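Chains as they are written, first to last, in the working numbering: chain R, 1 to 107; chain U, 1 to 107. Positions of the beta carbon are idealized from the N, C-alpha and C atoms, including for glycine. Predicted, not measured: the structure shown is a model, and the values here were computed from it. In what follows, a single structure is set out as structure tokens and then discussed.
2 protein chains.
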Amino acid sequence: MKRVTRKTAACRKMTVKEKAQVFKALSHVTRLQIVQRLAKGEACVCDLLEMFDIDMSTLSRHLSVLRNAGLVFDEKRGKNVFYDLTCPCILDLFDCMEEAMCQRRYG
Amino acid sequence: MKRVTRKTAACRKMTVKEKAQVFKALSHVTRLQIVQRLAKGEACVCDLLEMFDIDMSTLSRHLSVLRNAGLVFDEKRGKNVFYDLTCPCILDLFDCMEEAMCQRRYG
DNA sequence: ACATCATTTTGTTATTATGCCAAATATCAC
DNA sequence: GTGATATTTGGCATAATAACAAAATGATGT
Numbered sequence: 001m002k003r004v005t006r007k008t009a010a011c012r013k014m015t016v017k018e019k020a021q022v023f024k025a026l027s028h029v030t031r032l033q034i035v036q037r038l039a040k041g042e043a044c045v046c047d048l049l050e051m052f053d054i055d056m057s058t059l060s061r062h063l064s065v066l067r068n069a070g071l072v073f074d075e076k077r078g079k080n081v082f083y084d085l086t087c088p089c090i091l092d093l094f095d096c097m098e099e100a101m102c103q104r105r106y107g
Numbered sequence: 001m002k003r004v005t006r007k008t009a010a011c012r013k014m015t016v017k018e019k020a021q022v023f024k025a026l027s028h029v030t031r032l033q034i035v036q037r038l039a040k041g042e043a044c045v046c047d048l049l050e051m052f053d054i055d056m057s058t059l060s061r062h063l064s065v066l067r068n069a070g071l072v073f074d075e076k077r078g079k080n081v082f083y084d085l086t087c088p089c090i091l092d093l094f095d096c097m098e099e100a101m102c103q104r105r106y107g
């Protein structure tokens with residue numbers, strides 16, 4: 001399995017449903033922390049497991065939510081499965097949101 | 001009730017929990033569409049209601065989710081309640097996400 | 001083939017989210 | 001104040017999500 005960077009069919013405008021799915025994937029504290037960790041580089045499931053006080057099966061499910069949303073991909077090497085961000089620039093999204101929420105106005 | 005634009009205490013770094021809450025608010029198709037509509041300008045509940053085939057009470061609840069996340073604010077004028085984006089730049093977030101998801105790589 | 005290790009999947013249960021209806025609230029016009 | 005209009009809230013049913021434990025999978029080493 002070789003890693004490639006490429007424009008894909010997904011480069012069409014995302015449907016509102018797809019957007020909602022990505023936001024939903026990011027709507028859980030544990031999954032947000034996984035994404036933030038992966039921003040520093042790939043990690044295997046066992047690495048991630050040390051970060052949280054949760055069952056490995058629970059972690060595995062969170063990873064599958066992120067994978068289904070297209071936020072991460074996995075690669076099996078030896079005994080381990082390594083996860084990484086499909087797009088490290090997803091972190092820009094966090095900054096973008098922080099800035100937006102920072103400048104909001106009130107009624 | 002006068003509308004103001006200002007930096008607030010919320011300008012500190014958002015906690016991961018707060019971020020998750022904002023993402024959760026955006027994780028429903030109806031709520032995303034509400035936000036997209038409000039990007040074009042304020043709207044009262046009855047305006048929004050015409051866009052969807054849902055009960056008004058359901059719409060009202062969606063609006064309260066968006067309000068609690070800090071994404072919209074409301075202002076009562078006459079018989080109507082008008083909603084608007086606390087920060088129109090929240091739309092940048094959508095573009096940002098679309099771009100990010102567009103350039104992703106695969107394992 | 002067998003045992004081991006890392007991870008995923010399945011089954012189950014608890015919690016949360018969604019949606020409708022009906023009741024409550026608030027404003028406006030008379 | 002009464003009635004009409006616009007919106008929110010409470011109550012309830014159903015669906016979706018989250019968590020754990022246990023079983024299943026798949027690669028590795030013997």
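Backbone secondary structure at residue i - three-state DSSP
i	result
residue 55 of chain R	coil
residue 101 of chain R	helix
residue 26 of chain R	coil
residue 13 of chain U	coil
residue 5 of chain R	Because residue 5 of chain R sits at a pLDDT of 47, beneath the cut-off of 50, its placement in the model cannot be relied upon, and the point is left open.
Straight-line Cα distance separating residue j from residue i
i	j	result
residue 17 of chain R	residue 64 of chain R	18 Å
residue 19 of chain U	residue 47 of chain R	24 Å
residue 59 of chain R	residue 50 of chain R	11 Å
residue 23 of chain U	residue 23 of chain R	5 Å
residue 101 of chain U	residue 73 of chain R	12 Å
residue 26 of chain U	residue 77 of chain U	26 Å
residue 84 of chain R	residue 38 of chain R	6 Å
residue 62 of chain U	residue 21 of chain R	17 Å
residue 70 of chain U	residue 103 of chain R	11 Å
residue 2 of chain U	residue 75 of chain U	Any reading at residue 2 of chain U needs caution, since the residue's pLDDT is 41, under 50, leaving its predicted position unreliable; the model's value is listed next. Their Cα atoms are separated by approximately 9 Å.
residue 35 of chain R	residue 14 of chain R	21 Å
residue 80 of chain R	residue 80 of chain U	58 Å
Flag this pair as touching only if the region 89–98 of chain U and the region 79–98 of chain R have three or more C-beta atom pairs under 8 Å; answer yes or no.
-> Two segments are said to touch when three or more pairs of C-beta atoms, one from each, lie closer than 8 Å; by this definition the region 89–98 of chain U touches the region 79–98 of chain R.
Identify every run of the alpha helix (DSSP H) within the region 39–99 of chain U, keeping only runs that are complete inside it and at least 4 residues long; order them along the chain.
-> Qualifying alpha helix (DSSP H) stretches, in chain order: 45–49, 56–68.
Touching by the beta-carbon criterion (3+ pairs, under 8 Å), the region 52–60 of chain R and the region 39–49 of chain U = Output reads no: the region 39–49 of chain U does not touch the region 52–60 of chain R.
Okay, do the region 65–72 of chain R and the region 21–40 of chain R touch, 3+ Cβ pairs below 8 Å being the bar?
-> Verdict: yes, contact present.
Residues of the region 20–42 of chain U whose Cβ lies closer than 7 Å to any Cβ of chain R, in chain order = Within the region 20–42 of chain U, the residues whose Cβ lies closer than 7 Å to some Cβ of chain R are 20, 22, 23, 24, 26, 27, 28, 29, 32, 33, listed in chain order.
Note down, in chain order, all residues in the region 62–93 of chain U with a beta-carbon under 7 Å from any beta-carbon belonging to chain R.
-> Under the 7 Å Cβ criterion, the region 62–93 of chain U contributes 70, 73, 74, 75, 86, 87, 89, 90, 92, 93.
In chain order, what residues of the region 43–62 of chain R put their CB closer than 8 Å to some CB of chain U?
-> Result list empty, no residue passes.
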